[in-house]
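Okay, structure first, notes after.
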Amino acid sequence: MFGVFTPFIGGALIGLSASLLLLSHGKVAGISGIVGGALRGDGVVWRAPFLIGLFVSAPLMSLFLSPELQRDVFANTTGPSALLVALSGLLVGVGTRIGNGCTSGHGVCGLARASKRSFAATMTFMGTGVLAAYLTQHVL
């Protein structure tokens, strides 16, 4: 039963964390901006706990899930090579600089603020994702 609601609970928690960060610090919860600021040493007092929470949340959540649900939520998949992961990370980093933010910043926070730039960016992300999924599933 809980498994069906997991995406809704996750989405609500993301929205709650983004709202709390905006209300308490006046900052947008865009992960690329938070990581970039932490690397520069800006606002580490609030950025570090936010980033630690990203890494701690999945293992912490696993403590409260049944083994069956853990298999559903944390599916074992064969991952890509380390080189492909590094190249992908580099491309994502370049893309977030070009797009003035990442999907979380534009999609979650920018749309909530009715930003036209975030709307255009999110539509680009979604369209590209749909195209990539179609190409990989039906063409390649």
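Each residue of the sequence shown is one higher than the last, beginning at 1465 in our numbering.
For glycine and all other residues, C-beta sits at the position ideal for the given N, C-alpha and C.
Bear in mind that the values here come from a model prediction, so they are computed numbers and not experimental data.
Given a threshold of 16 other Cβ atoms within 10 Å of its Cβ, counted over all protein chains shown, does V1549 qualify as buried or as exposed? exposed
Can you give me the Cβ contacts of A1502 inside the same chain, cut-off strictly under 8 Å, excluding the 5 residues immediately before and after it? V1508, R1511, A1512 and L1515
Which one of A1476, P1471, L1477 and A1493 has the shortest CA to CA distance from R1577? A1493
Buried or exposed (CB count within 10 angstroms, at least 16 for buried), A1612: Only positions 1465 to 1604 of the chain appear in the structure, and residue 1612 is not among them; the question remains open.
Among Q1534, L1487, S1488 and F1519, which residue has its Cα nearest to the Cα of T1470? Q1534
Is the Cβ-Cβ distance between G1497 and G1569 less than 8 Å? yes
For L1529, does the three-state DSSP call read helix, strand or coil? coil
Consult DSSP for S1488 and reduce its assignment to one of helix, strand or coil. helix
Tell me which residue opens and which closes the alpha helix (DSSP H) that A1597 is part of. K1580 to Y1598
Apart from the five residues on each side of it in sequence, which residues of its chain come closer than 6 Å, Cβ to Cβ, to L1485? K1491 and A1493
Name the two residues that bound the continuous alpha helix (DSSP H) containing G1557. A1546 to I1562
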